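Heads up: the structure comes next, in structure tokens.
Residue numbers (UniProt numbering): 1 to 205.
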């Protein structure tokens, strides 16, 4: 027995060659008048991938506070002696045993996790700044506030990406609520007073 009438959907990875295959399949099915709306809604892109592209666009040219956090994490992780000194700071300020995350330039969500881990250890970095004269990257009080605002802005996109990427349950019913929350967050920042977030949100709009 053939596949006619038995295939409901086909899942493909995000490769250019698959675009050509989809176009060919759409044309063949249209010739048999088997598609609704002439196949306008035949090919749906991966929500998590599209969201990733949107946020990556906004992340181009990140602010100096984010750069300071990146350099701070690199500095701490740069040698065993500095790691030990930082761990001493963590113990002294009782900021817990949560690890420091270092980001990867091609993955915006890794930058979000790096900033979150740095916020958690904010007092440890401030203490390191007091005892280590070679450490030059500690953000100022105002910069820490900007980092917290930045993380708050990115959280809705991070949560939506996790939701779309989950393999334990269907996610198509979650699409519109999640995208709407992202839309509301972007609109809020575009109309808000924070110039850095306004520029970033405008790039993502």
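We put the CB at the ideal spot given by N, CA and C, even for glycine. Predicted, not measured: the structure shown is a model, and the values here were computed from it.
Per-residue burial, residue i [other beta carbons within 10 Å of its own, 16 or more giving buried]
| i | result |
| --- | --- |
| residue 107 | exposed |
| residue 103 | buried |
| residue 76 | buried |
| residue 66 | buried |
| residue 41 | exposed |
C-beta atoms of residue i and residue j nearer than 8 Å
| i | j | result |
| --- | --- | --- |
| residue 151 | residue 119 | yes |
| residue 221 | residue 157 | Lying before the first or after the last residue shown, residue 221 is absent from the chain, which here runs from 1 to 205. |
| residue 54 | residue 139 | no |
| residue 186 | residue 160 | no |
| residue 99 | residue 72 | no |
Residue i versus residue j: straight-line alpha-carbon distance, rounded
| i | j | result |
| --- | --- | --- |
| residue 168 | residue 133 | 49 Å |
| residue 193 | residue 115 | 22 Å |
| residue 109 | residue 78 | 22 Å |
| residue 32 | residue 15 | 27 Å |
| residue 50 | residue 128 | 39 Å |
| residue 141 | residue 149 | 13 Å |
| residue 88 | residue 171 | 44 Å |
| residue 112 | residue 28 | 44 Å |
| residue 80 | residue 178 | 42 Å |
| residue 191 | residue 204 | 14 Å |
| residue 200 | residue 38 | 37 Å |
Start-to-end residues for the alpha helix (DSSP H) that takes in residue i
| i | result |
| --- | --- |
| residue 190 | 175-190 |
| residue 160 | 141-165 |
| residue 35 | Counting along the chain, residue 35 falls outside any alpha helix (DSSP H), and DSSP gives it neither H nor E. |
Taking only runs that begin and end inside the segment 84-125, name each unbroken beta strand (DSSP E) of 3 or more residues, in chain order.
Runs of the beta strand (DSSP E) inside the segment 84-125: none found.
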